[in-house]
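Visitor: Here it is, the structure in full.
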Amino acid sequence: MPTLFLENGNTEAMVPQILSQGYRQLIANICQRYLWVLSPGDAIILPSAGNQEHIHYIEKICQYRDARQEAGRFDRYRRKT
Numbered sequence: 110m111p112t113l114f115l116e117n118g119n120t121e122a123m124v125p126q127i128l129s130q131g132y133r134q135l136i137a138n139i140c141q142r143y144l145w146v147l148s149p150g151d152a153i154i155l156p157s158a159g160n161q162e163h164i165h166y167i168e169k170i171c172q173y174r175d176a177r178q179e180a181g182r183f184d185r186y187r188r189k190t
C-alpha cells in the first residue's frame with residue numbers, strides 16, 4: 110500500500126525567526142535523506158524539493174524499475190489568485 114510522508118517541521122512557517130542560509134542547506138540535506146525511505150508508489154512532501162539527479166541516483170541504487178519519481182516545487186503548482 111502506498112504511503113504519504115509529510116515532513117514540515119523545519120520550515121520558516123514553523124519557527125519565529127528567519128532561517129540562516131546554513132540552516133536552510135542543512136534542511137535541504139536532511140530532506141534528501143528522507144528520499145531513501147520511499148518505495149515505488151509512495152509520495153513525500155518536503156520543505157525543500159529534491160534534486161532530480163539525486164532521485165535518479167537513488168532509483169538506480171535501489172534498483173527500482175520503471176521508476177517515475179519526480180522532484181518539484183509547491184509554488185509551481187500553487188493556484189494563482
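First residue of the sequence shown? That's 110 in this note's numbering, and the numbers climb one at a time after it. For glycine and all other residues, C-beta sits at the position ideal for the given N, C-alpha and C.
Would you kindly report the start and end of the unbroken alpha helix (DSSP H) that includes LEU135?
Guide: The residue given as residue 135 occupies position 26 in the sequence shown. From DSSP, the alpha helix (DSSP H) with LEU135 extends over 130-143.
Visitor: Run through the DSSP bridge pairs and tell me what ILE170 is partnered with.
Guide: Numbered from its first residue, the sequence shown carries residue 170 at position 61. Paired residue(s): none; ILE170 is not in a bridge.
Visitor: Would a C-beta distance cut-off of 9 Å place SER157 and CYS140 closer than the cut-off?
Guide: Position 48 of the sequence shown, counted from the first residue, corresponds to residue 157. Position 31 of the sequence shown, counted from the first residue, corresponds to residue 140. Yes. Within cutoff.
Visitor: If you draw a straight line from the C-alpha of MET110 to the C-alpha of VAL146, how long is it?
Guide: As a working mapping, residue 110 is identified with position 1 in the sequence shown. As a working mapping, residue 146 is identified with position 37 in the sequence shown. The straight-line gap from Cα to Cα measures roughly 14 Å.
Visitor: Does the Cβ-Cβ distance between ILE153 and GLU116 come in under 9 Å?
Guide: The sequence position of residue 153 within the sequence shown is 44, counting from 1. The sequence position of residue 116 within the sequence shown is 7, counting from 1. Contact: yes.
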